[in-house]
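Residue numbers (our numbering): 161 to 426. What follows is a single structure, written as structure tokens, with notes after it.
Here is the structure:
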């Protein structure tokens, strides 16, 4: 479904700021996989998501989605196939526009056969209301309210809905609950789990929470120095503890994981 073959990316090559962010990384995802990614700062987690989203062109290797080579397809064209959420709830929505207008933009951008400036019908608006009701936040009664007046959790839930309003082939989640309070984060995670499972959306999720990385989805990756150093799933993952994950990281890299944010969350 998603095939990354030997991709590499170095930023600022030939300068004192040269940084190899991805190093000969290969990864295959099956349809419906929900993969959690964990690793220290600078491990390459967000860079991996950026490469898949098309934020830059990789230096070498190839990226294929659903059998189509998208290595050189620009990000705005990939966005029809790939949904994305960021850590900052302020990203992904237009604050001065209403909830209804934000949903209309997302729908028209992603829907096949819809021109960007098509009219939104009454049936479309009813569809938006039905989807908003599933969030359980009462937003279906506030569709004409500017998004800038929503809380961070409400905006992130709305962004999740916008990214999946027309089912994407792939959903990229870059620590999308890290900026939320624990209760709201759990609510958004549950929505993520439900929407992904119901629509069988293939997901790549970056997280700093080791416990979450072992519990959510069906696969866990650990990254270091732009490489995947651990890939666990099935029975091995089901029986793995946070301590076991740390031991495997040490075995794969020859060093201890020293990121306080990750260790404290675990």
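We put the beta carbon where it would ideally sit given N, CA and C, even for glycine. Everything numeric in this text was worked out from a predicted model, so none of it was measured.
_So residue 168 and residue 184 are supposed to be a Cβ contact under 8 Å. How far apart are they, rounded?_
As a first step, residue 168 must be located in the chain shown, where it is residue number 8. As a first step, residue 184 must be located in the chain shown, where it is residue number 24. The pair is a contact, with the Cβ atoms about 6 Å apart (cut-off 8 Å).
*DSSP state of residue 355, grouped into three classes?*
The residue given as residue 355 occupies position 195 in the chain shown. Helix, per DSSP.
*Grouping DSSP H, G and I as helix and E and B as strand, with all else coil, what is residue 424?*
What you label residue 424 is simply residue 264 of the chain shown in a count that begins at 1. Any reading at residue 424 is ruled out, since the residue's pLDDT is 47, under 50, leaving its predicted position unreliable.
*residue 142 and residue 305 look like a contact to me (Cβ under 8 Å); what is the Cβ gap, rounded to whole Å?*
Missing from the structure shown is residue 142; the chain here goes from 161 to 426 and no further.
*asked:* Here's a check: name, in chain order, each residue in its chain whose Cβ is nearer than 8 Å to the Cβ of residue 439, leaving out the five neighbours to either side.
replied: With the chain covering only 161 through 426, there is no way to say anything about residue 439.
_Taking its Cβ as the centre, do 16 or more other Cβ atoms sit within 10 Å of residue 262, making it buried, or is it exposed?_
Residue numbering aside, residue 262 sits at position 102 when the chain shown is read from its first letter. Counting Cβ neighbours within 10 Å, residue 262 comes out buried, since at least 16 surround it.
*residue 334 beta carbon less than 9 Å from that of residue 206*: Locating residue 206 in the chain shown gives position 46, counting from the first residue. Locating residue 334 in the chain shown gives position 174, counting from the first residue. In this structure, residue 334 lies closer than 9 Å to residue 206 by Cβ.
*asked:* Going by DSSP, what residue range makes up the alpha helix (DSSP H) through residue 402?
replied: Sequence index remark: in the chain shown, residue 402 carries index 242 (1-based). For residue 402, the enclosing alpha helix (DSSP H) starts and ends at 402-413.
*Tell me, please, which residues DSSP counts as bridged to residue 258.*
Along the chain shown, read from residue 1 onward, the residue named residue 258 stands at position 98. Partner(s): 306.
*asked:* Tell me the residue span of the alpha helix (DSSP H) that contains residue 289.
replied: For the purposes of this step, residue 289 is taken as the residue at position 129 of the chain shown. First-last of the alpha helix (DSSP H) with residue 289: 282-293.
*Can you give the beta carbon distance from residue 376 to residue 196, rounded, assuming they're within the 8 Å contact cut?*
Counted from its first residue, the chain shown places residue 376 at position 216. Counted from its first residue, the chain shown places residue 196 at position 36. About 6 Å; that satisfies the 8 Å criterion.
*Below 9 Å between beta carbons: does that hold for residue 256 and residue 212?*
Within the chain shown, residue 256 is the residue found at index 96, counting from 1. Within the chain shown, residue 212 is the residue found at index 52, counting from 1. Residue 212 sits away from residue 256, with the two beta carbons spaced by 9 Å or more.
*Keeping to the same chain, check which residues put their C-beta closer than 6 Å to that of residue 292; ignore five residues upstream and five downstream.*
The count along the chain shown starts at 1 and reaches residue 292 at position 132. Counting only Cβ-Cβ distances below 6 Å, and skipping sequence neighbours, we find 299 and 300.
*Who are the near neighbours of residue 359 in its chain, counting only those whose CB is closer than 6 Å to its CB and skipping five residues on each side?*
What you label residue 359 is simply residue 199 of the chain shown in a count that begins at 1. 327, listed in sequence order.
*How many whole angstroms separate the CB atoms of residue 362 and residue 214, which I take to be in contact at a CB cut-off of 8 Å?*
Working through the chain shown from its first residue, we reach residue 362 at position 202. Working through the chain shown from its first residue, we reach residue 214 at position 54. Between the beta-carbon of residue 362 and that of residue 214 there is about 17 Å, and that puts the pair past the 8 Å contact cut.
*asked:* Can you tell me which residues form a DSSP beta bridge with residue 222?
replied: Against the chain shown, residue 222 aligns to sequence position 62. Note: residue 222 is bridge-paired with 165 in the DSSP secondary-structure output.
*asked:* Using a Cβ-based criterion (distance less than 8 Å to any ligand heavy atom), does residue 410 qualify as near the ligand MG?
replied: The ligand content of the structure shown is nil, which means the ligand MG is not present either.
*Might you give, ordered along the chain, the residues of its own chain that have their beta carbon closer than 7 Å to the beta carbon of residue 345, omitting 5 neighbours on each side?*
Translated into positions along the chain shown, residue 345 becomes position 185. For residue 345, where only same-chain residues beyond five positions count, the Cβ hits under 7 Å are 337.
*Report the residue from 267, 390 and 342 whose alpha carbon sits nearest the alpha carbon of residue 321.*
Reading the chain shown from its first residue, position 161 is the one you call residue 321. Cα-wise, what sits closest to residue 321 is 267.
*Please list, in chain order, all residues of the same chain as residue 388 whose beta carbon is under 7 Å from its beta carbon, the five residues on each side excluded.*
Taking the first residue of the chain shown as position 1, residue 388 is located at position 228. Excluding residues within five positions, the ones whose Cβ falls inside 7 Å are 185, 187 and 381.
_residue 313: first and last residue of the uninterrupted alpha helix (DSSP H) it sits in_ = Counting from one through the chain shown, the residue named residue 313 turns up at place 153. Start and end: 312-324.
*Out of 411, 234, 225 and 324, point me to the one whose CA is closest to residue 252's CA.*
As a first step, residue 252 is located in the chain shown; it is residue number 92 there, counting from the start. Considering only alpha carbons, the answer is 324.
*In the DSSP assignment, find the unbroken alpha helix (DSSP H) run with residue 393 in it and report its ends.*
On the chain shown, position 233 is the one that residue 393 refers to. Note, residue 393: premise wrong, no alpha helix (DSSP H); beta strand (DSSP E) at 387-393.
*Whose C-beta lies closer than 7 Å to the C-beta of residue 406 among residues of the same chain, with five residues either side of it excluded?*
Along the chain shown, one-based indexing puts residue 406 at 246. If we look at residue 406 and ignore the five residues flanking it on each side, its Cβ neighbours are 417.
_Beta-carbon within less than 6 Å of residue 373's beta-carbon, same chain only, minus the 5 sequence neighbours each way: which residues are those?_
The residue you call residue 373 lines up with position 213 of the chain shown. Correct list, in chain order: 196, 198, 367 and 380.
_Rounded Cβ spacing between residue 202 and residue 166 (contact assumed at less than 8 Å)_ = On the chain shown, position 42 is the one that residue 202 refers to. On the chain shown, position 6 is the one that residue 166 refers to. With a Cβ gap of about 21 Å, residue 202 and residue 166 do not count as contacting.
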